[in-house]
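For the first sequence, this note's numbering gives the first residue as 4, with consecutive numbering after it. Cβ coordinates follow ideal geometry from the N, Cα and C atoms, glycine included. Keep in mind the model is a prediction, meaning the values are calculated, not measured. To start, the structure itself, in structure tokens.
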Amino acid sequence: MSRYNAKESEPKWQAAWEAAGVFQADVDPTREKYYVLEMFPYPSGRIHIGHVRNYTMGDVVARYKFSKGFNVLHPMGWDAFGMPAENAAMASGGHPKDWTYDNIDAMRAQMRPLGLSIDWTREFATCDPEYYGQQQALFLDFLEAGLVYRKNAVVNWDPVDMTVLANEQVIDGKGWRSGAEVERRELTQWFFKISDMSEDLLTALDGLDDWPAKVRLMQENWIGKSRGLRFAFARTDGGEPIEVYTTRPDTLMGASFVGISPDHPLARAIADKNTDAANFIAQCRQGGTTEEALETGEKLGFDTGVFVQHPLDPDWHLPVWIANFILMDYGTGAIFACPAHDQRDLDFCRKYGLPVIDTFFATDDPTPAADTAFVPPKEQAVRWVNHFAGLDIATGQEAIDATIARAEADGWGTGVTQFRLRDWGLSRQRYWGCPIPVVHCDTCGVVPEKKANLPIALPYDDGNGKPIDFSIPGNPLDRHPNWCDTPCPACGAPAKRETDTMDTFVDSSWYYARFTAPRANTPTDAKAAAYWMNVDQYIGGIEHAILHLLYSRFFARAMIATGHLPDTAAEPFNALFTQGMVTHAIYQTNDAAGRAVYHYPDDVDLRDGGAFLRATGAEVTVVPSAKMSKSKKNVVDPDDIIDQYGADVARWFVLSDSPPDRDVEWTAAGADAAWRFINRIWTMAYNIARMEDQGATAADAALRQALHKTIHSVTQNIESFGFNSAIAQIHSFANVLAKS
RNA sequence: GCGGGCGUGGUGGAAUGGUAGACACAUGGCACUUAAAAUGCCUGGGCCGAAAGGCCGUGCCGGUUCGAAUCCGGCCGCCCGCACCA
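Right, dumping it as structure tokens:
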């Protein structure tokens with residue numbers, strides 16, 4: 004009797020599925036549809052075992068729904084723009100386009116043998132002009148609908164690479180690649196008006212019952228709704244009043260100064276006349292300094308010499324300070340500080356000798372809190388009592404609400420709702436991204452490109468017949484001799500294309516919609532979108548809990564507003580599942596100098612309850628279950644696993660043991676166990692087939708009962724993403740079957 | 001600092017108010033074999049016991065309940081997200 008031969012049977016069946024087009028999805032209004040989608044991969048060059056786990060989960064769901072009779076859409080594509088392609092070009096001299104498409108070919112070749120139930124006819128990459136051209140069309144529609152706008156914004160600027168850096172690319176105040184001190188620079192950038200939808204994006208989270216509560220909560224915190232009081236401090240010198248926002252108006256009697264951001268208009272006006280102030284602001288602007296101050300929590304302040312009147316007592320004057328910890332893009336960029344209720348304000352007041360007033364003093368206990376530095380004068384208490392007479396000065400929300408109501412009644416303030424969510428800046432000074440389809444004309448200004456001219460495609464060479472040189476800092480589109488030359492779409496005069504490209508998060512914010520009609524010559528096809536949307540089950544990593552998922556929710560709404568999606572698609576992902584990582588033990592020894600040396604799993608022998616180097620027999624320290632990392636050498640290559648055991652074993656193992664939302668540790672023993680089980684099934688099937696040939700029939704009542712129990716539990720386990728439990732049920736049934 | 005989650009054998013884990021530890025891994029044993037590999041079977045939380053069986057046991061302390069790994073309160077530990085957000 005032979006053993007299960009994956010190399011023979013897997014390609015055979017995969018070829019048969021392919022020939023029959025069994026996974027090809029077509030609109031069929033007579034059948035109920037089911038759209039399952041895994042977050043599409045970045046074409047880094049190799050698939051890793053985490054991809055295998057992700058796509059296997061989607062495959063299980065897709066095949067389950069196939070077998071339940073649904074018309075299943077299960078597509079795959081490539082999130083193909085982004086910096087790694089430019090970095091690779093910089094490092095090895097190739098072209099980002101070639102690098103990307105070569106990687107896609109390599110990864111597709113790795114994925115096909117996994118035997119996933121994917122409709123490959125719908126495949127696309129976001130760097131295909133056919134895709135990003137439609138994205139440009141969307142951008143133009145968004146622009147027309149007022150969903151995109153330009154404004155000046157402070158960005159992280161790398162003066163060596165001459166580019167904007169994302170926050171994640173700023174490390175200790177320095178550019179991650181150039182190592183140059185990052186500057187904060189003001190540039191004109193394009194923004195999506197996501198903040199206009201804050202309220203809707205927040206309240207709609209309530210309806211996402213099939214999303215992990217954790218993700219909903221993370222989005223809720225990110226959107227960050229707060230309720231507070233907005234009011235203005237009048238200046239004693241008669242200048243422009245300073246508007247502030249506070250969530251704690253009840254602490255107003257504890258105010259000891261008014262703080263403004265270094266980017267506040269008043270701070271700038273002062274800096275124009277005062278070099279000390281200008282120097283202070285420059286110091287705050289230095290990325291490094293701010294980062295460090297942030298780390299150590301050091302508060303820096305500058306006394307402007309300006310005074311304002313307390314809104315409840317014109318005779319009470321508060322000094323205005325510029326403070327490094329106040330953010331211009333939250334609230335009004337100005338605050339009043341109440342050191343008795345805010346640690347930050349207290350630190351600041353201590354450092355600069357400003358008064359600390361204990362507002363609690365004013366209620367019923369005249370003793371100031373022990374750690375406050377300042378004993379309030381009696382008149383403070385009198386002021387409090389006078390101004391809040393008739394108010395029920397309760398603690399907490401009641402006091403806040405009462406103070407807001409009072410401010411509105413007395414006409415000096417307004418209760419407002421504030422969101423933390425800011426507009427989404429999408430401009431990038433990068434080559435390898437979707438060009439922003441606008442033209443800058445001397446006479447007409449910023450003019451949208453005509454749709455007929457789309458796609459605005461990236462140039463392949465440098466315009467002089469040579470490959471683009473990515474080793475020169477800055478955006479290659481900027482120094483291209485003629486790519487940006489174009490007639491103004493409005494007046495026809497010579498004009499310049501915008502050379503900024505779009506953030507790659509744009510590409511992934513609507514790909515799920517494009518999959519419903521990937522070859523349409525509009526961004527979506529109404530009929531296909533109406534049939535296939537929404538995604539019924541979306542599967543991916545928790546690392547996308549905020550940005551990608553929030554941006555996609557915004558894009559779906561924007562696409563509805565511009566007629567590209569049906570009204571029912573505002574929440575594009577009905578159900579979301581976030582899967583855990585595949586981890587692996589790290590095998591580590593120390594060299595003579597005590598530095599850690601890492602070893603590949605293949606070089607390590609596990610025996611006698613320990614781990615030893617095959618080459619030398621030296622004992623190895625095992626660090627269990629760590630995130631796979633090439634530098635730690637704790638990686639397994641899916642190709643090796645498939646070569647050794649076949650795809651089904653790899654697929655079976657990544658779903659065994661651990662619940663799918665938790666991390667699973669890849670072990671050789673576990674892979675062996677999966678291999679043994681697959682063989683056991685194969686042997687049993689072989690034996691059963693032989694018995695049937697000899698006239699046997701399966702009619703045992705107990706067996707039938709066990710079978711149906713198993714079918715029931717496995718069904719429930721798949722529905723609830725309990726793949727590990729489903730596998731346990733199948734193991735159990737195999738045990739029953741073996742005994743009968 | 002704010003928000004959230006988790007804690008069960010040597011290991012991954014199962015059980016969502018009703019027989020704790022399903023299923024698997026590791027370990028030990030047996031069968032088959034000249035032998036090994038492969039395969040199959042048994043064992044598999046702790047203590048007492050020859051066994052039958054008994055007692056204890058889900059981080060710690062308390063509570064609710066006929067009944068708690070599960071619900072509630074407090075503590076301890078670990079993990080994650082956000083963060084000068086006013």
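Less than 7 Å between the C-beta atoms of residue i and residue j, yes or no?
i	j	result
residue 511	residue 551	yes
residue 24	residue 457	no
residue 254	residue 344	yes
residue 559	residue 30	no
residue 192	residue 440	no
residue 55	residue 657	yes
residue 659	residue 730	yes
residue 208	residue 223	yes
residue 83	residue 46	yes
residue 234	residue 311	no
residue 52	residue 607	no
Just the Cα atoms here: how many angstroms apart are residue i and residue j?
i	j	result
residue 680	residue 163	57 Å
residue 689	residue 12	14 Å
residue 675	residue 621	25 Å
residue 718	residue 187	55 Å
residue 720	residue 577	19 Å
residue 61	residue 638	23 Å
residue 251	residue 197	27 Å
residue 723	residue 214	12 Å
residue 459	residue 487	10 Å
residue 733	residue 713	7 Å
residue 201	residue 630	35 Å
residue 434	residue 100	11 Å
residue 128	residue 678	35 Å
residue 10	residue 113	14 Å
residue 210	residue 482	49 Å
residue 363	residue 257	Any reading at residue 363 is ruled out, since the residue's pLDDT is 46, under 50, leaving its predicted position unreliable.
residue 32	residue 535	10 Å
residue 64	residue 133	30 Å
residue 77	residue 26	8 Å
residue 726	residue 452	50 Å
residue 683	residue 589	31 Å
residue 17	residue 126	18 Å
residue 711	residue 651	24 Å
residue 455	residue 145	17 Å
residue 524	residue 509	19 Å
residue 285	residue 185	13 Å
residue 317	residue 570	53 Å
Among the options, whose alpha-carbon lies nearest the alpha-carbon of residue i?
i	options	result
residue 232	129, 190, 67, 409	409
residue 521	69, 40, 80, 18	80
residue 573	581, 555, 439, 161	555
residue 226	95, 417, 422	422
residue 418	607, 427, 404, 523	404
residue 6	709, 415, 648	648
residue 349	311, 67, 301, 472	301
residue 178	189, 161, 586	161
residue 499	480, 613, 516	480
residue 662	20, 37, 57	57
residue 526	185, 548, 143	143
residue 432	74, 633, 89, 36	89
Using a threshold of 6 Å, is the CB atom of residue i nearer than that to any non-hydrogen atom of the ligand HEM?
i	result
residue 283	Inclusion of the ligand HEM in the displayed structure is not the case, the ligand content being empty and no account of it being possible.
Need the endpoints of the alpha helix (DSSP H) that residue i sits in, please.
i	result
residue 717	704-722
residue 21	9-23
residue 535	529-535
residue 470	Residue 470 -> no alpha helix (DSSP H), and no H or E assigned at all.
residue 727	726-742
With residue i as the anchor, note down where its beta strand (DSSP E) starts and where it stops.
i	result
residue 499	497-500
residue 245	245-249
(message) As an exercise, report each continuous alpha helix (DSSP H) stretch of at least 4 residues that is fully enclosed by the region 405-446, in chain order.
(response) none
(request) Please list the segments of the beta strand (DSSP E) lying wholly inside the region 27-96, counting only runs of 3 or more residues, in order along the chain. (result) 36-41, 74-76
(request) Jot down the residue ranges of each uninterrupted alpha helix (DSSP H) in the region 179-240, minimum 4 residues, whole runs only, in chain order. (result) 201-206, 216-226
(message) Quick check on the DSSP output: what are the complete alpha helix (DSSP H) runs of length 4 or more inside the region 582-662, in order along the chain?
(response) 641-648, 650-658
(message) Extract the residue ranges of the alpha helix (DSSP H) inside the region 287-357, only unbroken runs of 4 or more that lie entirely within it.
(response) 290-299, 346-355
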